[in-house]
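Each protein sequence line maps, in turn, to chains A and B. Under my numbering, the residue at position 108 of the first sequence is numbered 108, and the numbers go up by one with no gaps. Basically my numbering = 1-based index in the second sequence + 177. In what follows, a structure is listed as structure tokens, so that the remarks can point back to it.
2 protein chains.
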Amino acid sequence: MSLKHAILVLLETEPSSGYDLLKQFKNSLGYFWNAKHQQIYQQLKHLSSEGLIECRLEKQAGKPDKKVYKITTSGVTELSSWLTEPVSPNKINDALLVKIYGGHLTLSRNLLSELEDHLILHQTTLLQLKEIEHKYLSLSKNLQKKYQLPYITLRRGILGEEAWLQWANEAIKMIKK
Amino acid sequence: MSLKHAILVLLETEPSSGYDLLKQFKNSLGYFWNAKHQQIYQQLKHLSSEGLIECRLEKQAGKPDKKVYKITTSGVTELSSWLTEPVSPNKINDALLVKIYGGHLTLSRNLLSELEDHLILHQTTLLQLKEIEHKYLSLSKNLQKKYQLPYITLRRGILGEEAWLQWANEAIKMIKK
DNA sequence: TTAAACTATGCAAGTTTTTGCATATTTAGT
DNA sequence: ACTAAATATGCAAAAACTTGCATAGTTTAA
Chain A
1 MSLKHAILVL LETEPSSGYD LLKQFKNSLG YFWNAKHQQI YQQLKHLSSE GLIECRLEKQ
61 AGKPDKKVYK ITTSGVTELS SWLTEPVSPN KINDALLVKI YGGHLTLSRN LLSELEDHLI
121 LHQTTLLQLK EIEHKYLSLS KNLQKKYQLP YITLRRGILG EEAWLQWANE AIKMIKK
Chain B
178 MSLKHAILVL LETEPSSGYD LLKQFKNSLG YFWNAKHQQI YQQLKHLSSE GLIECRLEKQ
238 AGKPDKKVYK ITTSGVTELS SWLTEPVSPN KINDALLVKI YGGHLTLSRN LLSELEDHLI
298 LHQTTLLQLK EIEHKYLSLS KNLQKKYQLP YITLRRGILG EEAWLQWANE AIKMIKK
């Protein structure tokens, strides 16, 4: 399980509240790791009780209080050791493909409209990713080096989305004729 | 949730036992839907109690008995109605990318060896998929039409794996220099 | 000015998935 | 002759994840 480790990775970069993490999961990391707010809050509590992170309350003017979590040395140890172990290959569960696989039970215009809906989502995602890439590429050599690893994960997102779009266009053509 | 529907899709094609389904999940459908044997057996029981599938015992010489499940008319109805509803976009959770994202805490040769391990797996998968594609392309026009939709999902696998490999090679180069 | 969206967190209950254990026979390889 | 892998299914418990509800103040746009 690595929601745990995803959170540790984020907290290792900077202390954050559950809400901050949620936003980070929606941006950068969200393209390859997803979590709902409940999952994050529950996991934070759990990590806290394991002593891998610690919490301090931060009062804010005009906004609700924040619980800011910070990784502990024991958390860094855990994270480092996780990094040396091989990760198990990714579990893919893609409902859209299940649907297409069994699509002969429905009208092809159903499949097409669904594909087109997803197409729009993926196009939007790709544009967002390319925007981030653009910002990265305009950084100094130094900063580029610093953010090299996150950039590599961004590249995965970009290449992945491009391949998805290529496939979807191919698929739409095939279904249409 | 669509393990349920993935199973119904498979059973709609042909009646199968839990073990048969497990093998199908490992082959064709396995490239986009994964399930452990426990999950399948539990879900079969559940679908049975919902009346969406029915079971008959098949005695086999030399092998343990089989429970062969078959979709019911009510199951087909459920499946058809699922096919008209939009599927929610795919949840991606990729531990390898989390690892790379936070990889500055470990040696780059750790990341490289992990990437290379995964590279081999993906290369193998791609070869398998291309073999299946080759078989498909040597079928008659008629049969090609019949299996068009599964073929489209196969294409997703192929394009996806190719993009993955392209990314991995790029990533390895970047990390090395 | 009113509704919607954003900030910020959490309980409780339910569903789904994973893990560990358990059984029993056959077949293929060494 | 022995071992491993394949065939075939399942219980029980734990862990992970989702859904519905709940609170409460602030900001922003119609």
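Backbone N, C-alpha and C define an ideal beta-carbon position, used for all residues, glycine too. Just so we're clear, the structure is a prediction, and the values are computed from it rather than from any experiment.
Within chain A, the C-beta atoms nearer than 7 Å to that of B:GLN325 come from MET174, in chain order.
Between the segment 309-320 of chain B and the segment 127-146 of chain A there are fewer than three inter-stretch CB-CB distances shorter than 8 Å, so the stretches are not counted as touching.
Inter-residue distance for A:ILE152 and A:LYS146 is about 12 Å (C-alpha atoms, whole angstroms). Per DSSP, the beta bridge partners of A:ASN93 are B:TRP210. Rounded to whole angstroms, B:MET351 and B:ALA183 show a C-alpha spacing of 39 Å.
Taking 9 Å as the CB threshold, B:SER194 stays off the interface with chain A.
In chain order, VAL186, LEU206, LEU326, PRO327 and THR330 make up the part of chain B whose C-beta sits under 7 Å from the C-beta of A:TYR101. Within the segment 280-304 of chain B, contact with chain A at the beta-carbon level (separation under 7 Å) is assigned to GLY280, HIS281, LEU282, THR283, ASN287, GLU291, ASP294, HIS295 and LEU298.
Interface with chain A (9 Å Cβ-Cβ cutoff): B:HIS311 is excluded. Inclusion of B:PHE209 and A:ASP94 in the CB contact set at 9 Å is warranted, their separation being smaller than that value. For A:SER80, at least one C-beta of chain B is nearer than 9 Å to its own C-beta. One thing to note: B:ARG332 has its Cβ within 9 Å of the Cβ of A:TRP167. Looking at A:ILE158, A:ALA171, A:LYS177 and A:ASP65, the one whose alpha-carbon comes closest to that of A:SER28 is A:ILE158.
In this structure, DSSP gives B:TYR324 a state outside helix and strand, which the three-state scheme calls coil. Between the beta-carbon of B:GLU347 and that of B:LEU303 there is about 16 Å, and that puts the pair past the 8 Å contact cut.
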